[in-house]
Structure formats: structure tokens, C-alpha cells
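All residue numbers for the sequence shown refer to our numbering, where the first residue is 2 and numbers rise by one.
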Amino acid sequence: MLITGNSPQIATIIANLLNENNNLPKKYDAGHILNSRATYYPILIGQQVLASVAMDRLSFFMTEVKHLVVPPALRGAGLAKRLLSICLPAATTPYLVATVRTDNAPSLHLFHQAGFMELAEVINDGHPLKFLGRQNLFQ
């Protein structure tokens, strides 16, 4: 299910998951999710969001995979891998990118398994990040 303008409850849950689990430099609310140019791909059971990821088309040649979130109690069940298998084929650009904190070994491993390579290390709001990228094999 894609998050669109008619999903405020789900957007609120996604924002809360991001705020509680992802150590992002800013706090999100439903408005940020619903008004974002990114498309969110949640895994749902009824109205319960188990996990989510977003795809943000940055330009005609690059899409960013961002806001991947799986609550700690559900980690290790393959949800993050499932999210990537859902969202990556939806990208319409020749290149995919992501940033992952250098201390997030599980996410780095996930993206490496999905074919992403480390392109650079950057600092954002005092946090070291790996900038990852790959060609879009689904295009």
C-alpha cells in the first residue's frame, strides 16, 4: 500500500516509528509524511504499520531510498529485506542512492546485500553517514 493524502492515521504511525527508532536530526509528523514528495511503502496488518520505507525521486537520474524503519521487536524477521523488494522495482531512475549511519551495521549489511556500494562517507548534523549507490537493475 502506498501512502497518499488520504492516509493520515498511517502517516502518523510512520512518523512516530521514525521518531522513535531512526535517530533522525529532525522530528516528523503526519504532515511531513503526507506532504513529502517521497512515496512511503509500509508493511501493514490492518491499520498497524509493521515497518516502512520511502522512495524519493531526486532527479531524472537518481532516486533516494530513505526512512527505512523496523521496530526493534520485529527486527530479524526479514521485514527490511521485504521492504526493499517492494520499493526498489518501483524506481524509474537509472541510479538509486541511500545514506546510512556508519554505526548501523544491520542496515549497511542489508543495502550491501541489495547491491549498493559505498561511494563516500559524509557528516550530517554531526553524524557520520555512508553514502551508498547502485544502478537500478529494474529499469
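For every residue, glycine included, the Cβ atom is placed at its ideal position computed from N, Cα and C.
**Report entry** Residues bridged to T100 [DSSP beta-bridge criterion]
**Finding:** Here residue 100 refers to the residue found at position 99 of the sequence shown. Answer by DSSP bridge pairing, in chain order: F132.
Query raised in the report: Sorted by chain position, which residues of the same chain lie with C-beta nearer than 6 Å to E65's C-beta, five sequence neighbours on each side aside?
Result: By one-based count along the sequence shown, residue 65 stands at place 64. Correct list, in chain order: D57, L59, V98.
Query - Boundaries (first-last residue) of the beta strand (DSSP E) holding K67 - result: Along the sequence shown, one-based indexing puts residue 67 at 66. Residues 63-70.
**Report entry** Local conformation of T13 per DSSP, three classes
**Finding:** Position 12 of the sequence shown holds residue 13. In the structure shown, T13 sits in a helix (DSSP, three-state: H, G or I).
Query raised in the report: Nearest-angstrom Cα distance between L84 and H33?
Result: Translated into positions along the sequence shown, residue 84 becomes position 83. Translated into positions along the sequence shown, residue 33 becomes position 32. Each residue's alpha carbon lies about 20 Å from the other.
Requested in this report: Report all residues from its chain with a CB closer than 6 Å to the CB of V123; omit the five preceding and five following residues, and keep chain order.
Outcome: If you number the sequence shown from 1, residue 123 lands on position 122. Excluding residues within five positions, the ones whose Cβ falls inside 6 Å are L130, F132.
Query - Y42 vs I11 beta-carbon contact at 7 Å - result: On the sequence shown, position 41 is the one that residue 42 refers to. On the sequence shown, position 10 is the one that residue 11 refers to. No; because the gap between Cβ atoms is not below 7 Å, this pair is not in contact.
Report task. Could you tell me whether the Cβ atoms of P9 and A39 are closer together than 7 Å? Result -> In the sequence shown, the residue the question calls residue 9 occupies position 8. In the sequence shown, the residue the question calls residue 39 occupies position 38. The answer is no: Cβ separation not under 7 Å.
Query - Enclosing alpha helix (DSSP H) for R83 [first to last residue] - result: Position 82 of the sequence shown, counting from 1, holds the residue named residue 83. It spans 80-88 - the alpha helix (DSSP H) in which R83 sits, taken as one unbroken run.
Requested in this report: In angstroms with no decimal places, state the Cα-to-Cα distance between V54 and H68.
Outcome: By 1-based counting over the sequence shown, the position of residue 54 is 53. By 1-based counting over the sequence shown, the position of residue 68 is 67. Near 5 Å, if we compare the C-alpha coordinates of H68 and V54.
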